[in-house]
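Trainee:
Residue numbers (our numbering), protein chains in the order written: chain P, 256 to 579; chain H, 256 to 579.
#1: If residue 318 of chain P sits next to residue 359 of chain P, beta carbons under 8 Å apart, how far is it from one beta carbon to the other, in whole angstroms?
#2: Given that a residue counts as buried once 16 or more other Cβ atoms are within 10 Å of its Cβ, and exposed if not, what is residue 464 of chain H?
#3: List the residues that DSSP assigns as beta-bridge partners of residue 568 of chain P.
#4: Please list the segments of the alpha helix (DSSP H) lying wholly inside the stretch 284-371 of chain H, counting only runs of 4 or more residues, in order along the chain.
#5: Mark residue 385 of chain P as exposed unless 16 or more other C-beta atoms lie within 10 angstroms of its C-beta, in which case mark it buried.
#6: Could you check where the beta strand (DSSP E) with residue 501 of chain P kicks off and where it finishes?
#7: If we ignore side chains and look at the alpha-carbon of each, how far apart do residue 336 of chain H and residue 406 of chain H end up?
#8: Assuming residue 452 of chain P and residue 330 of chain P form a contact by the criterion Cβ under 8 Å, report the distance between their Cβ atoms to the nearest whole angstrom.
#9: Counting only C-beta atoms, is residue 499 of chain H closer than 8 Å to chain P at any point?
#10: At which residues does the beta strand (DSSP E) containing residue 535 of chain P begin and terminate?
#11: Considering Cα atoms alone, identify which of P/364, P/527, P/497 and P/543 is closest to residue 550 of chain P.
#12: Evaluate residue 338 of chain P with the Cβ neighbour count: other Cβ atoms within 10 Å of its Cβ, from every protein chain shown; 16 or more gives buried, anything less gives exposed.
#13: Between residue 535 of chain P and the rest of its own chain, which residues show a CB-CB distance below 7 Å, the 5 nearest in sequence each way excluded?
#14: Would you call the stretch 390-398 of chain P in contact with the stretch 514-529 of chain P, where contact means no fewer than 3 C-beta pairs closer than 8 Å?
#15: Which residues bound the beta strand (DSSP E) around residue 415 of chain P?
#16: Between P/334, P/481, P/272 and P/269, which has its C-alpha nearest residue 461 of chain P's C-alpha?
#17: Residue 552 of chain P to residue 411 of chain P, Cα distance in whole Å?
#18: In its own chain, which residues sit with a C-beta less than 8 Å from the C-beta of residue 322 of chain H, not counting the 5 before and 5 after it?
#19: Hey, how far is the Cα of residue 381 of chain P from the Cα of residue 312 of chain H?
#20: Taking the alpha carbon of residue 440 of chain H as the point to measure from, which residue in H/506, H/469, H/369 and H/501 has its own alpha carbon closest?
#21: Whole angstroms is fine: what's the gap from residue 417 of chain P's alpha carbon to residue 446 of chain P's?
#22: Between which two residues does the beta strand (DSSP E) holding residue 480 of chain P run?
#23: Closer than 8 Å, Cβ to any Cβ of chain H: which residues of the stretch 407-437 of chain P, in chain order?
#24: On the DSSP bridge list, what partners appear for residue 495 of chain H?
#25: Compare the C-beta of residue 270 of chain H with all C-beta atoms of chain P and state if any pair is closer than 8 Å.
#26: Rounded to whole angstroms, how far is the Cβ of residue 345 of chain H from the Cβ of residue 346 of chain P, which I believe are closer than 8 Å?
#27: If you measure from the CB of residue 291 of chain H, is any heavy atom of the ligand COA nearer than 7 Å?
#28: Give a yes or no on whether the C-beta atoms belonging to residue 326 of chain H and residue 425 of chain H are separated by under 8 Å.
#29: Just checking my contact of residue 422 of chain P with residue 515 of chain P at CB under 8 Å: how many whole Å lie between their CB atoms?
#30: What alpha helix (DSSP H) runs, 4 residues minimum, are completely inside the stretch 501-530 of chain H?
#31: Given that residue 210 of chain H touches chain P, what residues does it touch there, using C-beta distances under 7 Å?
#32: Can you tell me whether residue 328 of chain H is buried or exposed, with buried defined as 16 or more other CB within 10 angstroms of its CB?
#33: Which two residues bound the contiguous alpha helix (DSSP H) that contains residue 436 of chain H?
#34: For a contact meaning CB atoms closer than 9 Å, what does residue 291 of chain H contact in chain P?
#35: If you draw a straight line from the C-alpha of residue 578 of chain H to the C-alpha of residue 568 of chain H, how long is it?
#36: Measure from the C-beta of residue 388 of chain H to each C-beta in chain P and report whether the shortest distance is under 8 Å.
See the structure below:
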């Protein structure tokens, strides 16, 4: 964690207070942090890079951006059934950003670290002539051998999902003024789903505690593409019933008047819900926490969508092309 | 670790083969990696961000860049006395980079992972309209409570350093054609020291095994600035004898004819040598591995340089300003 010009002061002023409570961070004064998983636990590690105006909107509030950077990584921990421990943050701030921007970013980051019980263990701060970027690495703990994985789905399993899908992609469209006539409360709901994802840590803990064979991942890139990853890892196929996909009132109000918006529900990313496959009994045991949306087949690599009229089509990553 | 357009294929083709040997990586198919430190050990974690044409030269060979990205992080592990375990790599490739560039990068990265016994556990690959950037997070293991830290120096300690200082900064100057008359072998030596740092992992292991009170860090930002960090962390002062600073034949041939080049030795970064403070006996026990260059004082926060003529000056981060 090399310090460049001005970095040391920046860290001390804005980030060290966030880190002070955890001895692992060594007060951010060292080259590295030191930590241990609790006895009988393994370390789960995940990393996500986010670039301004590619993965987040640079015009958004810095504190919201900070929270998104943290939360997308916590969602990856949730996908593995891990309880968050700490994070290290690499930040490349565009050279024209103000100190106030960084201060607001640090403030939001600190608030979210506190509310999710996560410690900032260190990082690296650099200045870039290009777009601002962040790379967060998050660490969580899971009882040894109990991490949720993508490669555990079997033909005959059912496929379920937490929460509702499509909200974030529709929220991004709202922010781009694509639905000017949408009810203000519904619009605000969708925007919030895009700007401030809620990692499914509680639901993840329930899955991990169930101690049954469950395959899991988070829906970050869109249902279609993420289903394909479960297929690849588990060597299976998936079939999804479009009618069964849980929608928020806001999303429903949009797809009811514009059928083409289903593409956003099926292929839009950033929802950060959990996609879970398991035996019908094991999924039923999860109760109201999830909605069953389909099943696992032995048609390796094929993700099929059963439409409202009962017709089946192969689901492309971009959404659905056309029914057969 | 969300996959963006094309990322999944890129990872599969170039990076998955590097990761295949370690089960922690879950074949890079999951959201995260899972690992455990050996019994009785803690995890040391460090992260470094590098931006093209800020921290590395984009015109250099991609395989050399890859090795530098890895090695600067391994040097941070060395600074903590940790044995490398695995790494996760966030990469933001400029959208105009060729697939061959990425392939060469992955090749160099894989070679170095192998030679340092490090596993690639995962990462995130994105495309950016700005300069290419990398953020590597490295994990090492250290016996519990034995990590080397910056805050362990005490007045009366001696200050020592591995290898030679100034080579990397002078090597960068060579690459910028600042010493056209320099002997070709010496020039090549200096360039290599800049392009391909050698993390002091063996020396670090000796320090950690000594199990004595040693303060340590790696010289990544230049001797002057890095000394100041030991002062801040340990609440001490430092005094350095310029005459005692170990120089390579190449560096000596430069400063002997141009006194002003001492500034590069004192303030230039990228040497990745270890800076170690400890009792005279404990440092002596390290033998030929280190050279004593000064001592630790109770003048908190002051880094002094004793010049060739015995005069003392305060050493600024930028090198030395002027003697009193």
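All C-beta atoms in this analysis are idealised placements derived from N, C-alpha and C, irrespective of residue type, glycine included.
Mentor: From the atom records:
#1: Counting from 1 along the first chain, the entry for residue 318 of chain P is found at position 63. Counting from 1 along the first chain, the entry for residue 359 of chain P is found at position 104. Indeed, because the Cβ distance is near 5 Å, the residues count as touching under 8 Å.
#2: Indexing the second chain from 1 puts residue 464 of chain H at position 209. Classification of residue 464 of chain H: exposed, given that the 10 Å Cβ count is below 16.
#3: Residue numbering aside, residue 568 of chain P sits at position 313 when the first chain is read from its first letter. In the DSSP output, where bridge partners are listed per residue, residue 568 of chain P has P/560.
#4: 317-334 and 354-371
#5: If you number the first chain from 1, residue 385 of chain P lands on position 130. Buried, since its Cβ has 16 or more Cβ neighbours within 10 Å.
#6: Sequence index remark: in the first chain, residue 501 of chain P carries index 246 (1-based). That residue, residue 501 of chain P, is in no beta strand (DSSP E); it is neither H nor E in DSSP.
#7: Position 81 of the second chain, counted from the start, is the residue given in the question as residue 336 of chain H. Position 151 of the second chain, counted from the start, is the residue given in the question as residue 406 of chain H. If you take the alpha carbons of residue 336 of chain H and residue 406 of chain H, they lie about 14 Å apart.
#8: In the first chain, residue 452 of chain P corresponds to position 197, counting from 1. In the first chain, residue 330 of chain P corresponds to position 75, counting from 1. Confirmed, Cβ separation roughly 6 Å.
#9: As a first step, residue 499 of chain H is located in the second chain; it is residue number 244 there, counting from the start. It does not; no Cβ of chain P falls within 8 Å.
#10: Counted from its first residue, the first chain places residue 535 of chain P at position 280. Per DSSP, residue 535 of chain P belongs to no beta strand (DSSP E); it is in the alpha helix (DSSP H), 535-539.
#11: Working through the first chain from its first residue, we reach residue 550 of chain P at position 295. The shortest C-alpha separation from residue 550 of chain P is found at P/497.
#12: Numbered from 1 along the first chain, position 83 holds the residue referred to as residue 338 of chain P. By the neighbour-count rule (16 or more Cβ atoms within 10 Å), residue 338 of chain P is buried.
#13: As a working note, residue 535 of chain P is residue 280 in the first chain. Answer for residue 535 of chain P: 413, listed in chain order.
#14: no
#15: In the first chain, counting from the first residue as 1, residue 415 of chain P sits at position 160. Its beta strand (DSSP E) spans residues 413-417.
#16: Start at 1 with the first residue of the first chain, and residue 461 of chain P comes out as number 206. Closest by alpha carbon: P/334.
#17: Looking up residue 552 of chain P in the first chain gives position 297. Looking up residue 411 of chain P in the first chain gives position 156. The straight-line gap from Cα to Cα measures roughly 6 Å.
#18: Residue mapping note: residue 322 of chain H aligns to position 67 of the second chain, counting from 1. Contacts found: 363, 364, 366, 367 and 451.
#19: Taking the first residue of the first chain as position 1, residue 381 of chain P is located at position 126. Taking the first residue of the second chain as position 1, residue 312 of chain H is located at position 57. One C-alpha to the other measures close to 16 Å.
#20: Here residue 440 of chain H refers to the residue found at position 185 of the second chain. Looking at the Cα atoms, H/506 is the closest of the given residues.
#21: On the first chain, residue 417 of chain P is found 162 positions in, with the first residue counted as 1. On the first chain, residue 446 of chain P is found 191 positions in, with the first residue counted as 1. Cα to Cα, the separation comes out at about 19 Å.
#22: Position 225 of the first chain, counted from the start, is the residue given in the question as residue 480 of chain P. Premise fails: residue 480 of chain P lies in the alpha helix (DSSP H), 478-489, not in any beta strand (DSSP E).
#23: none
#24: As a working mapping, residue 495 of chain H is identified with position 240 in the second chain. Answer by DSSP bridge pairing, in chain order: H/549 and H/560.
#25: Residue 270 of chain H sits at position 15 when you count from the first residue of the second chain. By this cut-off, residue 270 of chain H is not an interface position.
#26: Residue numbering aside, residue 345 of chain H sits at position 90 when the second chain is read from its first letter. Residue numbering aside, residue 346 of chain P sits at position 91 when the first chain is read from its first letter. Actually they are not in contact, since the Cβ atoms of residue 345 of chain H and residue 346 of chain P sit about 12 Å apart, beyond 8 Å.
#27: The ligand COA is absent from the structure shown, which contains no ligand whatsoever.
#28: Along the second chain, read from residue 1 onward, the residue named residue 326 of chain H stands at position 71. Along the second chain, read from residue 1 onward, the residue named residue 425 of chain H stands at position 170. Contact flag unset, no.
#29: Looking up residue 422 of chain P in the first chain gives position 167. Looking up residue 515 of chain P in the first chain gives position 260. That pair is no contact at about 17 Å.
#30: 504-510 and 517-522
#31: Because chain H is modelled from 256 through 579, residue 210 of chain H falls outside the range shown and cannot be assessed.
#32: On the second chain, residue 328 of chain H is found 73 positions in, with the first residue counted as 1. With 16 or more other Cβ atoms within 10 Å, it is buried.
#33: For the purposes of this step, residue 436 of chain H is taken as residue 181 along the second chain, with counting starting at 1. Here residue 436 of chain H belongs to no alpha helix (DSSP H), and DSSP marks it neither H nor E.
#34: By one-based count along the second chain, residue 291 of chain H stands at place 36. Chain P residues near residue 291 of chain H: 292, 296, 297, 298 and 399.
#35: Walking along the second chain from the start, residue 578 of chain H turns up at place 323. Walking along the second chain from the start, residue 568 of chain H turns up at place 313. For residue 578 of chain H, the predicted model reports a pLDDT of 40, less than 50, meaning its position is unreliable; a value from the coordinates is still stated below. If I take the Cα positions, the gap works out to 5 Å.
#36: One-based indexing of the second chain puts residue 388 of chain H at position 133. Answer yes: the Cβ-Cβ gap between residue 388 of chain H and chain P drops below 8 Å somewhere.
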